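Take the sequence shown: its letters are residues 1 to 306, numbered as in UniProt numbering. Beta carbons are placed, not taken as given, at the ideal position from N, Cα and C, and that holds for glycine. Being a predicted model, the structure only gives us computed values, none of them experimental.
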Amino acid sequence: MDIRKFLKKVTHPSHESDNTESQNEHLHLTKKLKYEASEDLDIPLPGPSSEERRTYQNQNDLGFFVENTAISDDKKYDLLKNPYVPSAQYNFKNDVGVNAKRCFKRSWLSDYEWMVYSPKLKGALCKFCVLFKPVTKRGFLGSFVIKEFSNYKKLHEIAKGHQNSEWHKQSTGRASSFTKIISGEQPTVYEQLNIQERELVLENRKKFEPIISAILFCGSNDLSLRGKHSDEGNFNDLLKFRVESGDKALEDHLKTCHNKQKYTSVQTQNTLIDICAREKIINAANNSEAFSVLADETADISGHEQ
């Protein structure tokens, strides 16, 4: 009998399977940890394709906005100031058909400041008319406005006609006002209305000031305001004196306004006196340390206080 058989290591099948499963589990866990670790690393991703870069560069291509009426003010301003301009290496021949004899010329963009080129539509557009659609009373909008212009043989003829058209001038004016408002060079419509209202208030105050001044002068010097008739007296004489002294604002007011809007009537004089007196009494009461109120009473026929 070979004694070496008794010294040979005995392997149990169950232990082998446990070891295999343990190794597989360890390998799976290692792969998982490596995968999760790779996600945390700043691994550079592939850059954009040439088509994606071209699309990004052409994001201010006006051709994308021909049929778009809901353009934000910021985007409009960006399109007006920074429209897409083809590079010097741009090959316009690729945008025309094989049998086409003429293609767009980059120099035309300098000849007409309103003209832009659209690689998307492969033609010329008017940036003012596209962004600020004109209102036509007759005819219809066509090339440069709602569709691209690509008949380059007649470009100068059609471009000059478009440039001199009423709708182009209308759109150009709107675009000019828009850029001035956005850049702060011109106030908005709301601000303009406020400015006009403020100017009107200041103008009315200039007209009203000499009227109040005449009433205060008569009151402080114990002079009567009126004479036998409403158009006579010291008040009217003072106003005439102001006009003769060169008060143009008062002169225009008395000449142009209706009699009921001159604020020189007896009722207006009494109202102004009451306002001035009330303000003086209130100021005197507020500035004093103390004040008293006197109340007078009366009784009716039965003796009850009223």
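Check	Outcome
Inside the segment 70-98 only - alpha helix (DSSP H) runs reaching at least 4 residues	73-81
Complete alpha helix (DSSP H) runs within the segment 225-284 (minimum length 4 residues, chain order)	234-244 and 248-256
First and last residue of the uninterrupted beta strand (DSSP E) at V116	M115 to S118
DSSP-derived helix/strand/coil call for K147	strand
Span separating the alpha-carbon of I181 from that of R174	11 Å
Three-state class that DSSP yields for E157 in the structure shown	helix
DSSP beta-bridge partners of E297	Paired residues: none, contrary to the question.
Nearest residue (CA-CA) to T271, options D222, K248, N221 and I215	I215
Per-residue burial, E51 [other beta carbons within 10 Å of its own, 16 or more giving buried]	With a pLDDT of 48 at E51, under the threshold of 50, the predicted position of this residue should be treated as unreliable, though the coordinate-derived value follows. Under this definition E51 is an exposed residue.
For L125, the three-state DSSP class (helix, strand or coil)	strand
Validate contact between the segment 179-197 and the segment 69-88 using beta carbons, cut 8 Å, 3 pairs	yes
Identity of the residues DSSP links to E305 by a beta bridge	A299
Length of the line joining the Cα atoms of T172 and F241	52 Å
Alpha-carbon to alpha-carbon, K133 and A88	30 Å
Meets three-Cβ-pair contact criterion under 8 Å: the segment 188-201 and the segment 150-167	no
Residue range of the alpha helix (DSSP H) that includes E197	V189 to S220
Under 7 Å between C-beta atoms of T136 and W167	yes
Burial state of V130 (16 or more Cβ within 10 Å)	buried
Any 3 or more C-beta pairs closer than 8 Å across the segment 241-257 and the segment 291-306	no
Own chain partners of D95 with C-beta closer than 6 Å, once the 5 adjacent residues on each side are dropped	K122
DSSP-derived helix/strand/coil call for F132	coil
C-alpha distance - Q59 paired with D111, whole-angstrom precision	24 Å
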